[in-house]
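**Student:**
Chains as they are written, first to last, in the numbering used here: chain S, 9 to 370; chain D, 15 to 113.
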């Protein structure tokens, strides 16, 4: 499943109404006990500073500083819930246990996979908040981005990678079908559409959200670290974490390339080399046709000196050449940025006035 | 853009990026070195995770450092999405690139 395989109608639903997705690809792990925080903090490249009800976005890195998992850490009262993309739950548990043994041995915390007992579904889109309110009640309206709330056996997470409102629901696996049935029912007045992971990934690509699976699945000459991927905000160089030494060395040497957003005049694919006036300048990391931008868009690894918006490159695609222009993302003016739940609704969307979805300055 | 114009643009872009990074670190008292702030990092939500008070600080700092007033709400919203969108506004408003 890649963004390039996304169904355009599903992407449009995510941009205009709401989409219902099942997130079978993520790993869910629970860490509980008096030292739960110490165990997770020891594995995180950034300090967690996590109050109750808050979610923190971090990473798990390999020893060579390559991201292994894109990680949400959720503080749910007396326990931490970890939602990881990129590793299985068993792998996350193994990494946490190894780190505990190395850094905080003897701590009192239980780390266990919820793979068999829980599942994650989500509603995303500019009107996802209306679906969430119909599902769980008006309390969800007060949830800030990156926060969580319990509603009985459901844990609701306000998060997401589409640039739109997003609510994920962690539910016992036994309740999954009933949860989805209920979401479909309450979502009908808002044209809630079933969407798959490819559609979510394409929205993430359009909005410049990190996709761990793109990095993992693309053959690369050398590992990419948070430095090349523009993820330094998830790292504190002063901390001790797996991959810290390699990352500090990479920083001292200076990164050779930087992930850079682009639009292109036609199809390009991961691995396609790019050049500027005949000089090799990098390669495409990810790309897809964007129904929202109505052009091809993606991320390229561009030689650092040239990794700025507004430059015109050429991508070499088999025997053809495709014009490619770098840009400052996101080019999408997400409807969710302009929606006020107190003034707007899906019912009145035809009368409500919003700016165009795409920035006129692109 | 010919080679000479491109090199001049890259120089101006790097200079503006450096100034914006320093402005963010100083005005928001971020516990980071300027080079740790990646150009396409979001200012709000994920990324630097700033809030509405920080937004006011940035608007004030832009005026103090660059003489740039972001009075138009639409322009302000666009400018405050990422470090690079701030740099775009700085370059355009200082007349160093066309809008």
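We put the beta carbon where it would ideally sit given N, CA and C, even for glycine.
Remember, predicted model here, so these are calculated numbers, not experimental data.
1. What does residue 80(S) touch in chain D if you count any residue whose Cβ is under 9 angstroms from its own?
2. Cβ of residue 224(S) within 8 angstroms of Cβ of residue 73(S)?
3. Can you list, in chain order, the residues of its chain with a C-beta nearer than 8 angstroms to that of residue 52(D)? Leave out the 5 residues immediately preceding and following it.
4. Taking residue 60(D) as the query, report the chain S residues whose CB atoms sit under 7 angstroms from its CB, ordered along the chain.
5. For residue 75(S), report the span of its beta strand (DSSP E) as first-last.
6. Using a Cβ-Cβ cut-off of less than 8 angstroms, give me the residues of the stretch 75-106 of chain D that come near chain S, in sequence order.
7. Since residue 399(S) contacts residue 19(S) with CB under 8 angstroms, what's their CB separation in whole angstroms?
8. Does any residue of chain S have a CB that is nearer than 8 angstroms to the CB of residue 43(D)?
9. Quick check on residue 158(S): does DSSP put it in helix, strand or coil?
10. Below 9 angstroms between beta carbons is the criterion; list the residues of the stretch 17-43 of chain D that meet it against any residue of chain S, in chain order.
11. Would you kindly report the start and end of the unbroken beta strand (DSSP E) that includes residue 265(S)?
12. So residue 216(S) contacts chain D; which residues on that side make the cut at Cβ distance below 7 angstroms?
13. On a CA-only basis, which of 245(S), 185(S), 241(S), 274(S) is nearest residue 324(S)? Give me that one, please.
14. Which class does residue 25(D) belong to by DSSP, given the choice of helix, strand or coil?
15. Quick one: list the residues of chain A neighbouring residue 311(S), beta-carbon separation under 7 angstroms, in chain order.
16. Tell me the rounded alpha-carbon separation between residue 367(S) and residue 169(S).
17. Sort 147(S), 90(S), 115(S), 136(S) by Cα distance to residue 127(S) and report the nearest one.
18. What residues from chain D crowd round residue 320(S), counting only those whose CB sits closer than 8 angstroms?
19. At least one CB of chain S closer than 8 angstroms to the CB of residue 50(D): is that the case?
20. Is the CB of residue 238(S) under 8 angstroms away from at least one CB in chain D?
21. Give the secondary structure of residue 82(D) by DSSP, where H, G and I count as helix, E and B as strand, and everything else as coil.
22. Quick check on this structure: which residue in 111(S), 125(S), 105(S) has the alpha carbon closest to the alpha carbon of residue 118(S)?
23. Pull the bridge partners of residue 304(S) from the DSSP assignment, please.
24. Between 251(S), 40(S), 93(S), which lies nearest to residue 233(S) when the distance is taken from Cα to Cα?
**Tutor:** On the basis of the data shown:
1. As a first step, residue 80(S) must be located in the first chain, where it is residue number 72. Neighbourhood of residue 80(S) in chain D, by CB distance below 9 angstroms: empty, with the nearest CB roughly 10 angstroms away.
2. The residue you call residue 224(S) lines up with position 216 of the first chain. The residue you call residue 73(S) lines up with position 65 of the first chain. Cβ distance not < 8 angstroms, so residue 224(S) and residue 73(S) don't count as in contact.
3. Position 38 of the second chain holds residue 52(D). Here residue 52(D) has 97 as same chain residues with Cβ atoms under 8 angstroms from its own Cβ, once five neighbours each way along the sequence are excluded.
4. Locating residue 60(D) in the second chain gives position 46, counting from the first residue. Scanning chain S for C-beta atoms nearer than 7 angstroms to the C-beta of residue 60(D) yields 65, reported in chain order.
5. In the first chain, counting from the first residue as 1, residue 75(S) sits at position 67. Looking at the DSSP string, the run of the beta strand (DSSP E) that includes residue 75(S) is 75-84.
6. Listed by position, the residues of the stretch 75-106 of chain D near chain S (Cβ gap below 8 angstroms) are 88, 91, 92, 95, 96, 98, 99, 101, 102.
7. Lying outside 9 to 370, the shown extent of chain S, residue 399(S) is not represented and no answer is given.
8. Taking the first residue of the second chain as position 1, residue 43(D) is located at position 29. So no, residue 43(D) is outside the interface.
9. Locating residue 158(S) in the first chain gives position 150, where the first residue counts as 1. It is a strand residue.
10. 17, 20, 23, 24, 27, 28, 31
11. Position 257 of the first chain holds residue 265(S). Its beta strand (DSSP E) spans residues 265-272.
12. Numbered from 1 along the first chain, position 208 holds the residue referred to as residue 216(S). Those are 54, listed as they occur along chain D.
13. Taking the first residue of the first chain as position 1, residue 324(S) is located at position 316. Ranking the options by Cα distance to residue 324(S), first place goes to 274(S).
14. As a first step, residue 25(D) is located in the second chain; it is residue number 11 there, counting from the start. Helix.
15. The displayed structure is made up of protein chains S and D, and chain A is not among them.
16. In the first chain, counting from the first residue as 1, residue 367(S) sits at position 359. In the first chain, counting from the first residue as 1, residue 169(S) sits at position 161. Their backbone Cα atoms lie some 19 angstroms apart in a straight line.
17. Taking the first chain and counting its residues from 1, one reaches residue 127(S) at position 119. For residue 127(S), the nearest C-alpha among the options comes from 90(S).
18. Reading the first chain from its first residue, position 312 is the one you call residue 320(S). Neighbours of residue 320(S) on chain D, chain order: 15.
19. Taking the second chain and counting its residues from 1, the one referred to as residue 50(D) is at position 36. For residue 50(D), the answer is yes, since a Cβ of chain S falls inside 8 angstroms of its Cβ.
20. As a first step, residue 238(S) is located in the first chain; it is residue number 230 there, counting from the start. Chain D, which has a Cβ nearer than 8 angstroms to the Cβ of residue 238(S), makes this yes.
21. Reading the second chain from its first residue, position 68 is the one you call residue 82(D). Coil at residue 82(D), not helix or strand.
22. Within the first chain, the letter at position 110 stands for residue 118(S). Looking at the Cα atoms, 105(S) is the closest of the given residues.
23. Position 296 of the first chain, counted from the first residue, corresponds to residue 304(S). Per DSSP, 272(S), 297(S).
24. Residue numbering aside, residue 233(S) sits at position 225 when the first chain is read from its first letter. It is 251(S) whose Cα lies nearest to the Cα of residue 233(S).
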